[in-house]
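K.L.:
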Amino acid sequence: MASREVIEYETGVSKAFNVFAAVFIAFYVVWTVLPIFIMFMSSFKDLLEAFKLPEVGDWAGVKVFFEFTPTTKHYYELFANLGFSTYLFNSLVAAGGSAVVSVVLGSMCAYSLSRIDFRGKKDLFFWIISTRMAPVVAVMVPLYWIFRELELVGTLPGLILAYTTFNLPFAIWILKGFFDNVPYAIEEAQMVDGATRLQAFRAILPLVAPGIGAFVVLCILFAWNDYLFAAIIGSGGAKTLPAATRELVQPQNIQWGQIMAAGVVTTLPMMFLGLVIRKYLVTGLTMGAVKE
Amino acid sequence: MTNASITLAVPSQKGRPALELFRVRHIPDSVESRPSSAVVAEPTSINPPGSKRYYFLLMAPAILVLAFISIYPFFWMIYMSLHDVDIGKVEWNNFANYLKLPSDTRFIMGWALLVQYSAMCLFLQIVIGVFLAVALNGSRFEKVLVTTLLMPMMMAPLVAGMVWYFLYNGTFGWYHWLLQSLGILGPKSILASANTAMIGIVLVDVWQWTPLITLITLAGLKRVPQDQLEANMVDGASPVRNFMSVTLPNLYPVLLIAIMLRFMDNFRFTDSILVLTGGGPGNATKILPVYLFEVSFKFFKLGRGAAIAFILLIVTIILGMLLVRVFERGQPKKG
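Respectively, the protein sequence lines represent chains W and D. If you read the first sequence in our numbering, its first letter stands for residue 1, the second for the next number, and so on. If you read the second sequence in our numbering, its first letter stands for residue 293, the second for the next number, and so on.
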């Protein structure tokens with residue numbers, strides 16, 4: 001933490017505020033963590049134990065939450081009998097594929113947009129970004145029809161293409177900001193030394209590499225967490241983790257233990273990735289409008 | 293860089309632009325590539341006239357892919373919205389899809405509920421998020437706490453919806469037990485009654501996305517000029533006064549971005565609502581995107597769905613235009 005002299009007045013009011021703030025933060029952290037904690041614990045509980053609740057108003061009874069014998073049977077069930085290894089693979093391919101396609105094509109496009117000016121550039125840019133802002137359900141209506149004609153529904157390439165509808169504009173928009181920060185003089189110097197344009201482009205890529213890496217991860221995150229496209233475009237042959245998790249809800253019999261386990265399997269990798277790219281997260285989630 | 297101008301380093305006064313010495317006009321390429329009588333030749337190896345073609349070539353794949361998955365479907369959507377679309381049947385129907393919409397109460401209610409849902413989410417997220425950011429700012433544990441707050445955002449909205457559905461459950465949900473024990477709720481689950489279901493889905497969105505507002509606000513707080521705050525304090529301003537007259541105006545641009553982003557996302561994502569209530573009970577939480585999903589992919593009335601989608605898209609694009617303008621104002625950097 002950067003040390004910095006700040007004038008601070010200790011008044012009664014500010015002391016009260018500090019206490020209140022501390023209590024508020026504590027409450028908020030509990031409120032944030034609790035659902036995830038309950039999901040995690042419930043995934044290791046037998047169904048009967050997961051359903052145990054104290055009497056209404058019996059605050060001391062909360063301890064029943066911690067009274068259980070841990071079991072990994074839900075995870076075993078998911079992977080051994082319900083084919084979740086296939087869904088995990090589908091998720092990886094669909095999310096990874098669209099992320100790679102989006103960032104490779106996106107960085108080429110973003111680089112060019114950053115380097116030249118032409119009439120209608122602003123309109124082109126707006127079109128690109130509005131593709132990203134479009135409601136997923138609205139986009140899906142015509143896309144579903146087209147994909148069905150092309151027999152892309154229920155296939156991984158179809159799903160990759162569907163995810164590209166929101167990942168590619170995102171990549172272009174964000175990466176353009178990165179290329180804007182690389183001075184043209186670097187390429188110029190390269191080209192004076194006899195490099196071709198393509199070689200010059202390649203020479204500046206290392207400068208933006210950390211950003212590009214982070215946005216590959218963010219694209220994976222967006223695609224991995226999607227449910228609507230997976231449920232409609234991927235239905236049948238290309239079920240991903242969220243879509244498969246949803247299908248564990250049967251009208252007669254909701255497999256809560258397995259659902260919680262599937263939730264953990266879906267969530268943990270993304271939380272880990274989120275930590276890895278922590279530095280770029282706010283920039284990414286605000287589409288580059290806010291930098292930390 | 294169309295109109296670069298060189299200005300004197302005279303500090304500009306309010307409202308009056310700084311004194312301009314020169315103005316460099318942009319010369320179009322067509323002029324540059326003409327043989328000039330100047331003695332110094334253009335260094336042709338760096339900017340040959342064909343360079344634009346090279347850049348367009350680099351851009352082409354991305355633009356082509358986008359055109360295929362965005363423009364082509366857009367026209368398809370318009371085409372579909374003007375027809376009765378069923379499997380194996382596409383028939384022109386004289387704008388019936390659109391003409392039916394004004395008398396479709398669920399469509400009108402969908403808009404009202406969407407606005408209500410967004411407003412409730414935004415209000416809670418902004419109030420809690422900003423207060424949390426102010427409380428966290430400069431705290432000893434800021435880094436750890438912020439990392440903790442990130443966790444819900446990394447979760448798939450569908451999984452979040454499932455977990456909350458479990459927590460809200462009327463017979464074994466812990467949150468239901470908590471609400472009952474506090475005397476807030478009767479034996480009926482929050483999602484089961486039309487009066488409270490909206491609050492139920494709003495709370496999930498608040499849980500998942502308030503941290504984003506906090507993060508954005510924290511980034512904004514780091515840019516609030518400390519010297520102004522200190523000067524104000526020396527002059528005897530109370531911390532509250534200081535917050536209202538210095539901090540908040542400085543936060544305004546980032547907050548605007550945060551509001552617009554969350555607003556758009558409420559239009560975009562419906563995953564958690566589909567799981568939690570599916571639009572029910574009755575139609576109490578059937579916000580427009582949920583209704584659209586139902587029309588298109590439950591009843592497979594794709595023509596009607598396309599008409600609703602088209603209207604939703606147009607509204608989103610208008611909102612998007614506003615958003616882009618806000619972004620550009622937030623970033624004075626040219627680009």
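In this text, a Cβ means the ideal position worked out from N, Cα and C, and glycines have one as well.
Per DSSP, D:Lys381 is paired with what?
P.N.:
Along the second sequence, read from residue 1 onward, the residue named residue 381 of chain D stands at position 89. Answer by DSSP bridge pairing, in chain order: D:Asp378.
K.L.:
Output needed for D:Val582: all residues of its chain with C-beta closer than 8 Å, excluding positions within five of it in sequence on either side, in chain order.
P.N.:
Here residue 582 of chain D corresponds to residue number 290 of the second sequence, with the count starting at 1. Gly402, Thr562, Ile565, Leu566, Gly570 and Gly571.
K.L.:
May I ask you to report which of helix, strand or coil DSSP gives W:Val249?
P.N.:
Looking up residue 249 of chain W in the first sequence gives position 249. Reduced to three states, the DSSP call for W:Val249 is strand.
K.L.:
Could you tell me whether the stretch 426-444 of chain D touches the stretch 41-54 of chain W, using the rule of 3 or more Cβ pairs below 8 Å?
P.N.:
At 8 Å Cβ cutoff, the stretches do not touch.
K.L.:
Quick one, which of D:Tyr390, D:Leu393 and D:Trp368 has its alpha-carbon nearest D:Val382's?
P.N.:
Residue 382 of chain D sits at position 90 when you count from the first residue of the second sequence. Looking at the Cα atoms, D:Trp368 is the closest of the given residues.
K.L.:
Using a C-beta to C-beta distance shorter than 7 Å, which residues of chain W count as neighbours of D:Asp563?
P.N.:
Taking the second sequence and counting its residues from 1, the one referred to as residue 563 of chain D is at position 271. Within chain W, the residues near D:Asp563 are Tyr227 and Leu228.
K.L.:
Residue ranges of each beta strand (DSSP E) run of no fewer than 3 residues wholly in the stretch 372-460 of chain D, ordered along the chain?
P.N.:
Taking only runs of at least 3 residues, the beta strand (DSSP E) segments lying wholly in the stretch 372-460 of chain D are 375-378 and 381-384.
K.L.:
Roughly how many angstroms separate the alpha carbons of D:Lys593 and D:Asn389, rounded to a whole number?
P.N.:
As a working note, residue 593 of chain D is residue 301 in the second sequence. As a working note, residue 389 of chain D is residue 97 in the second sequence. About 10 Å.
K.L.:
Taking 9 Å as the threshold (beta carbon to beta carbon), is W:Pro206 in contact with chain D?
P.N.:
Start at 1 with the first residue of the first sequence, and residue 206 of chain W comes out as number 206. For W:Pro206, the answer is no, since every Cβ of chain D falls outside 9 Å of its Cβ.
K.L.:
Which same chain residues end up closer than 7 Å to W:Pro54 when comparing Cβ atoms and leaving out the 5 residues on each side of it in sequence?
P.N.:
For the purposes of this step, residue 54 of chain W is identified with residue 54 of the first sequence, where counting begins at 1. Gly61, Val62 and Val64.
K.L.:
State the Cα-Cα distance for the pair W:Thr245 and W:Val290, rounded to the nearest angstrom.
P.N.:
One-based indexing of the first sequence puts residue 245 of chain W at position 245. One-based indexing of the first sequence puts residue 290 of chain W at position 290. In a straight line, the C-alpha of W:Thr245 is about 34 Å away from that of W:Val290.
K.L.:
Return helix, strand or coil for W:Ile254, following the three-state DSSP convention.
P.N.:
Along the first sequence, read from residue 1 onward, the residue named residue 254 of chain W stands at position 254. Three-state DSSP puts W:Ile254 in a strand.
K.L.:
Could you check where the alpha helix (DSSP H) with W:Phe20 kicks off and where it finishes?
P.N.:
On the first sequence, residue 20 of chain W is found 20 positions in, with the first residue counted as 1. Here the alpha helix (DSSP H) through W:Phe20 covers Gly12 to Ser42.
K.L.:
Does any residue of chain D bring its CB to less than 9 Å from the CB of W:Pro183?
P.N.:
Translated into positions along the first sequence, residue 183 of chain W becomes position 183. Output row for W:Pro183: interface = no.
K.L.:
Who are the Cβ neighbours of D:Leu393 in its own chain at under 6 Å, not counting the five residues just before and after it?
P.N.:
Along the second sequence, read from residue 1 onward, the residue named residue 393 of chain D stands at position 101. Same-chain partners within the cutoff: Phe399.
K.L.:
For a contact defined as C-beta to C-beta under 9 Å, what are the partners of D:Thr539 on chain W?
P.N.:
For this step, residue 539 of chain D is matched to residue 247 along the second sequence. Those within 9 Å of D:Thr539 in chain W number zero; the least Cβ separation is about 14 Å.
K.L.:
Taking Cβ-Cβ distances shorter than 9 Å, what residues in chain W pair up with D:Pro581?
P.N.:
Taking the second sequence and counting its residues from 1, one reaches residue 581 of chain D at position 289. The contacting residues are Pro135, Val136, Val137 and Ala138.
K.L.:
Does the beta-carbon of W:Gly274 have 16 or more other beta-carbons within 10 angstroms, so that it is buried, or is it exposed?
P.N.:
Within the first sequence, the letter at position 274 stands for residue 274 of chain W. That one is buried.
K.L.:
Looking at C-alpha atoms only, which residue of D:Leu428, D:Thr502 and D:Leu614 is the closest neighbour of W:Ala26?
P.N.:
For this step, residue 26 of chain W is matched to residue 26 along the first sequence. Checking every option, the nearest Cα to that of W:Ala26 belongs to D:Leu428.
K.L.:
If you check the beta carbons only, do D:Thr506 and D:Val587 fall under 9 Å apart?
P.N.:
Here residue 506 of chain D is taken as the residue at index 214 of the second sequence, counted from 1. Here residue 587 of chain D is taken as the residue at index 295 of the second sequence, counted from 1. Not in contact: D:Thr506 and D:Val587 (Cβ atoms no closer than 9 Å).
K.L.:
So, at 6 Å on beta carbons, what are the nonlocal neighbours of W:Ser102 in its own chain, with the 5 sequence-adjacent residues on each side left out?
P.N.:
Translated into positions along the first sequence, residue 102 of chain W becomes position 102. Cβ within range, chain order: Thr164, Asn167, Leu168, Ala171 and Cys219.
K.L.:
DSSP three-state label for D:Ile579, please.
P.N.:
The count along the second sequence starts at 1 and reaches residue 579 of chain D at position 287. If DSSP states are grouped into helix, strand and coil, D:Ile579 belongs with coil.
K.L.:
Less than 6 Å between C-beta atoms, sequence neighbours within five positions excluded: which residues of the same chain meet that for D:Thr608?
P.N.:
Translated into the one-based positions of the second sequence, residue 608 of chain D becomes position 316. If we look at D:Thr608 and ignore the five residues flanking it on each side, its Cβ neighbours are Phe559.
K.L.:
Determine the chain D residues that contact W:Ala21 at a beta-carbon separation under 7 Å, and present them in chain order.
P.N.:
For the purposes of this step, residue 21 of chain W is taken as the residue at position 21 of the first sequence. Residues of chain D passing the Cβ test: Ala427.
K.L.:
Closer than 7 Å, Cβ to Cβ, to anything on chain W: give me those residues from the stretch 449-475 of chain D, in chain order.
P.N.:
Correct list: Pro449, Leu450, Val451, Met454, Val455, Trp456, Phe458, Leu459, Phe464, Trp466, Trp469, Gln472 and Ser473.
K.L.:
Exposed or buried, what is W:Tyr76 when buried is set at 16 or more other beta-carbons lying within 10 Å of its beta-carbon?
P.N.:
Within the first sequence, residue 76 of chain W is the residue found at index 76, counting from 1. That one is exposed.
K.L.:
Among the candidates D:Met552, D:Leu580, D:Arg596 and D:Gly574, whose CA atom is the shortest distance from the CA of D:Ile610?
P.N.:
The count along the second sequence starts at 1 and reaches residue 610 of chain D at position 318. Answer by Cα proximity: D:Met552.
K.L.:
To the nearest whole angstrom, what separates the beta carbons of D:Pro365 and W:Pro135, a pair I think is in contact under 8 Å?
P.N.:
Stepping through the second sequence from its first residue, residue 365 of chain D is reached at position 73. Stepping through the first sequence from its first residue, residue 135 of chain W is reached at position 135. The pair is not a contact, with the Cβ atoms about 13 Å apart (cut-off 8 Å).
K.L.:
Are the beta-carbon atoms of D:Leu416 and D:Val498 separated by less than 9 Å?
P.N.:
Here residue 416 of chain D refers to the residue found at position 124 when the second sequence is read from its first residue. Here residue 498 of chain D refers to the residue found at position 206 when the second sequence is read from its first residue. Yes, Cβ-Cβ distance for D:Leu416 and D:Val498 is below 9 Å.
K.L.:
If you drop the 5 nearest sequence neighbours on each side, which residues of the same chain put their C-beta closer than 6 Å to that of W:Ile186?
P.N.:
Reading the first sequence from its first residue, position 186 is the one you call residue 186 of chain W. Closer than 6 Å at the Cβ level, and outside the excluded window around W:Ile186, lie Ile204.
K.L.:
Would you mind stating whether W:Phe179 and W:Arg115 have Cβ atoms separated by less than 9 Å?
P.N.:
The sequence position of residue 179 of chain W within the first sequence is 179, counting from 1. The sequence position of residue 115 of chain W within the first sequence is 115, counting from 1. Contact: yes.
K.L.:
Can you tell me where the alpha helix (DSSP H) holding W:Glu149 begins and where it ends?
P.N.:
Taking the first sequence and counting its residues from 1, one reaches residue 149 of chain W at position 149. Counting along the chain, the alpha helix (DSSP H) containing W:Glu149 begins and ends at Val136 to Glu149.
K.L.:
What separation, rounded to the nearest whole angstrom, lies between the Cα atoms of W:Val13 and D:Leu504?
P.N.:
In the first sequence, residue 13 of chain W corresponds to position 13, counting from 1. In the second sequence, residue 504 of chain D corresponds to position 212, counting from 1. Rounded to whole angstroms, W:Val13 to D:Leu504 spans 29 Å at the Cα level.
K.L.:
Contact criterion: CB-CB distance below 9 Å. Does D:Tyr364 meet it with respect to chain W?
P.N.:
For the purposes of this step, residue 364 of chain D is taken as residue 72 along the second sequence, with counting starting at 1. So, interface residue.
K.L.:
Under 9 Å Cβ-Cβ, which residues of chain D neighbour W:Cys109?
P.N.:
Here residue 109 of chain W is taken as the residue at index 109 of the first sequence, counted from 1. Going along chain D in sequence order, the residues near W:Cys109 (Cβ under 9 Å) are Leu350, Met351, Ala352, Pro353, Ala354, Ile355 and Leu358.
K.L.:
Check whether the Cβ atoms of W:Leu241 and W:Tyr87 lie closer than 9 Å to each other.
P.N.:
Within the first sequence, numbered from 1, the residue matching residue 241 of chain W stands at position 241. Within the first sequence, numbered from 1, the residue matching residue 87 of chain W stands at position 87. Yes. Within cutoff.
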